[in-house]
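Undergrad:
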Amino acid sequence: MHRPGSRTSRLALCATIAAALLVAPSGVALSAQRATTAADAGRWLSALADDSLQGRLTGSAGAQKAARMIAERMQRLRLEPLGDDGFLQRVPVFMAPPRQQGGAERPALGASFAALDTLPAEKRRSAANVVGLLRGSDPALRDEYVIVGAHYDHLGVNGARAVDGDSIFNGADDDASGVVAMLETARQLSEGRAPKRSVIFVAFIGEENGMTGTTWFIRNPPRPLTQVVADLQVEMIGRPDSVAGGPGKGWLTGFERSTMGELLSAAGVALIADPRPAQNFFMRSDNYPFALEGIPAHTISSFGGHTDYHGVNDEVDRMDLEHVAAVINAAAKAVRVLADGERVTWKEGGKPVRR
Ligand SMILES: [Zn+2]
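Residue numbering for the sequence shown follows my numbering, beginning at 9 and increasing consecutively.
(1) May I ask you to report which of helix, strand or coil DSSP gives Thr307?
(2) When burial is assigned at 16 or more other CB atoms within 10 Å of the CB, is Pro203 buried or exposed?
(3) Specify the secondary structure class of Arg195 as computed by DSSP and reduced to three states.
(4) Of all the options Ala334, Gly262, Arg76, which has the alpha carbon lying nearest to the alpha carbon of Gln287?
(5) Going by other Cβ atoms of all chains shown within 10 Å of its Cβ, with 16 needed for buried, is Asn228 buried or exposed?
(6) Quick check: Asp48 and Asp182, are their CB atoms within less than 8 Å of each other?
(7) Measuring straight from C-alpha to C-alpha, what distance separates Asp58 and Met190?
(8) Check each candidate in Ala148, Gly214, Gly167 and name the one with the smallest Cα separation from Gly67.
(9) Taking 7 Å as the cut-off, is the CB of His318 close to at least one heavy atom of ligand 1?
(10) Per DSSP, what kind of secondary structure is Gly269 in: helix, strand or coil?
(11) Spell out a yes or no on whether the segment 136-148 and the segment 232-248 are touching, meaning 3 or more CB-CB pairs, one atom from each, closer than 8 Å.
(12) Should Glu216 be counted as a contact of ligand 1 given a C-beta to heavy atom distance under 7 Å?
(13) In whole angstroms, what separates the C-alpha of Ser266 from that of Leu279?
(14) Which partner residues does Asp93 have in the DSSP bridge list?
(15) Does DSSP put Glu243 in a helix, a strand or coil?
(16) Near Ala238, which residues of its chain fall below 6 Å by C-beta distance, leaving aside the five closest residues on each side in sequence?
(17) Taking C-beta to C-beta, are Gly94 and Ala79 nearer than 8 Å?
(18) When DSSP labels each residue in this structure, what does Arg11 get in the three-state scheme?
(19) Excluding the 5 residues preceding and the 5 following Pro33 in the sequence, name in chain order all residues of the same chain whose CB lies nearer than 6 Å to its CB.
(20) Do Val171 and Val320 have their C-beta atoms within less than 8 Å of each other?
(21) Could you give the uninterrupted runs of the beta strand (DSSP E) lying entirely in the segment 97-125, keeping only those of 3 residues or more?
(22) Restricting to Cα atoms, I'd like to know which of His314, Ile176, Ala135, Ala342 is closest to Thr307.
(23) Go ahead and pull the three-state DSSP assignment for Tyr317.
(24) Which residue comes first and which comes last in the beta strand (DSSP E) that contains Ala49?
(25) Is there a Cβ of chain B sitting closer than 8 Å to that of Gly349, yes or no?
(26) Please report the residue range of the alpha helix (DSSP H) in which Leu300 lies.
(27) Are the CB atoms of Val101 and Ala116 nearer to each other than 8 Å?
(28) How far does the beta strand (DSSP E) with Gly254 in it extend, from its first residue to its last?
(29) Return yes when the C-beta of Asp443 is under 7 Å from any heavy atom of ligand 1, and no when it is not.
(30) Alpha carbon to alpha carbon, how far is Ala119 from Thr126? Give it in angstroms, no decimals.
(31) What residues in its chain sit with their C-beta under 8 Å from that of Glu350, if we drop five residues either side in the sequence?
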C-alpha cells in the first residue's frame, strides 16, 4: 500500500458500506487442494521479509533476489512463464531526482528500455514483474483471464537513521503478506481441479514508487487486456483489523463499485466492505490502474491502520499467522469463484473515470 499521492487523494470516493459478511473459515475444501496453514504463511513470509533482501526497494539487488525467489516458486508450481525473460517481465527503471533538495533519489519508470540508454549507467536499474499463467480448462472460457496480484517491492533501507538498531524496511505486512497469498493461491489452484478461466499470477514491482510495475504491465500486457475479466490484488493481510471483525476477517476495497463482492459472498467467501472508505484504499493499490482500464479490480486487505505502516518494525514476528492463513484461504476461494463463476461487472457509476 502506498501513501496517498496528490493525484489520487484529490479524487473523492463516494462509498457506501455494504453489509458485513463473514470470511470463509480456513480449510475450505473445494477439491484435492490443501489449505494454507499458519506454518506455510510463516515460512514464505520469513523468506520474503528477510533482512538479506534489504527492504526490496525497486531497482535494488534485494528486490531482484526476491523476484528470483518468486520465479522459482512459480516454476515449482508449474505455472507457465509469461515474462520476456522466463517469469520475469523486465521493467525499465531509473533513479529519479529527489522530490526535494537533499531528499533521497527514488526509482521511477522509464518510457522504454531505449529511453533508459540515454541515461548514465549508474542511474539505470534492473527491475521486473514476475508473471506466471495457470491455464484454464473450459474451451469457452479459457481465453478469458483473471489477474491475481500483489506487490513485492517495498521501501528499502532507511539511510537517514536506524530505529533501535534497525534500518531495514522489511515490509512483512506491506506487502510480503500479499505475495504469499498470491503464491499460495497459485499452489491451491494448481493442486485442485483446473479453473475454467485462465489465471495470471503477478508479483508487481514498483507499487511504492508510483505503481511503476503495474503501469508497465498495462502498457505491455502478456495477454490482451480486453480478455482480462477481473483483477484481484492482496495487500497487507498480516494483522487482524478490529474494525473488520478481527482475526480471520478481511475486507474488499471498492466493494460497492462492482458485483465482485456480492458474487464472492454468495459463494461463501466472506469479505466485508472496506470499513475506511475515506482512506481511498481503492485507489492506493495495484488494482486501481486496472480499474482505470475498465477491468473490475479490487484489493483484499485487513490493514487496520497499525503504526508500523511504512516503518522498520513491519516484521514477521508482528504478524498473526493464523489470521494470514485464514485470509489467504479466503482469497484462494475468491479466485476460484472469479475463474469459474459469473463474470464480474461494474455497477452503475462504480467504474472509476480517468481525470
Ligand atoms: Zn506500502
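Every residue gets a Cβ at the ideal spot worked out from N, C-alpha and C, and that includes glycine.
TA: In short, the structure shows the following:
(1) Note: Thr307 maps to strand in three-state DSSP.
(2) With 16 or more Cβ atoms within 10 Å of its Cβ, Pro203 is classed as buried.
(3) DSSP places Arg195 in helix when its eight states are reduced to three.
(4) Among Ala334, Gly262, Arg76, the Cα nearest to that of Gln287 is on Gly262.
(5) Exposed: under 16 other Cβ atoms inside 10 Å.
(6) No, these two residues do not count as a Cβ contact at 8 Å.
(7) So the alpha carbons of these two residues sit roughly 18 Å apart.
(8) Relative to Gly67, the option among Ala148, Gly214, Gly167 whose CA is nearest is Gly214.
(9) Yes, Cβ of His318 sits closer than 7 Å to a heavy atom of ligand 1.
(10) It is helical.
(11) As far as the Cβ criterion goes, the segment 136-148 does not touch the segment 232-248, which means the pair count is below three.
(12) Here the distance from the Cβ of Glu216 to the nearest heavy atom of ligand 1 is below 7 Å.
(13) One C-alpha to the other measures close to 14 Å.
(14) In DSSP, Asp93 forms a bridge with Leu96.
(15) In the structure shown, Glu243 adopts coil according to DSSP, grouped into three states.
(16) Excluding residues within five positions, the ones whose Cβ falls inside 6 Å are Val154, Pro304, Leu346, Val352.
(17) Contact flag set, yes.
(18) Coil, per DSSP.
(19) Below a pLDDT of 50, predicted positions are generally treated as unreliable, and Pro33, at 43, falls in that range; the measurement from the model is reported next regardless. The beta carbon of Pro33 sits closer than 6 Å to no other beta carbon from its chain once the five residues preceding and following it are set aside.
(20) Taking 8 Å as the Cβ cut-off, Val171 and Val320 qualify as a contacting pair.
(21) Considered as a whole, the segment 97-125 harbours 101-104, 114-117 as its complete beta strand (DSSP E) runs of no fewer than 3 residues, in chain order.
(22) Ranking His314, Ile176, Ala135, Ala342 by Cα distance to Thr307 puts Ala342 first.
(23) Secondary structure at Tyr317: coil, using DSSP grouped into helix, strand and coil.
(24) Going by DSSP, Ala49 is part of no beta strand (DSSP E) but of the alpha helix (DSSP H) stretching over 46-56.
(25) Structure shown: chain B not included; a single protein chain is present.
(26) From DSSP, the alpha helix (DSSP H) with Leu300 extends over 295-300.
(27) Going by C-beta atoms, Val101 is nearer than 8 Å to Ala116.
(28) Unbroken run through Gly254: none, as it is neither H nor E.
(29) The first residue shown for the chain is 9 and the last is 363, placing residue 443 beyond what the model contains.
(30) Approximately 11 Å, taken between the alpha carbons.
(31) Apart from sequence neighbours up to five positions away, the residues of its chain that approach Glu350 with a beta-carbon distance below 8 Å are Thr267, Leu271, ordered along the chain.
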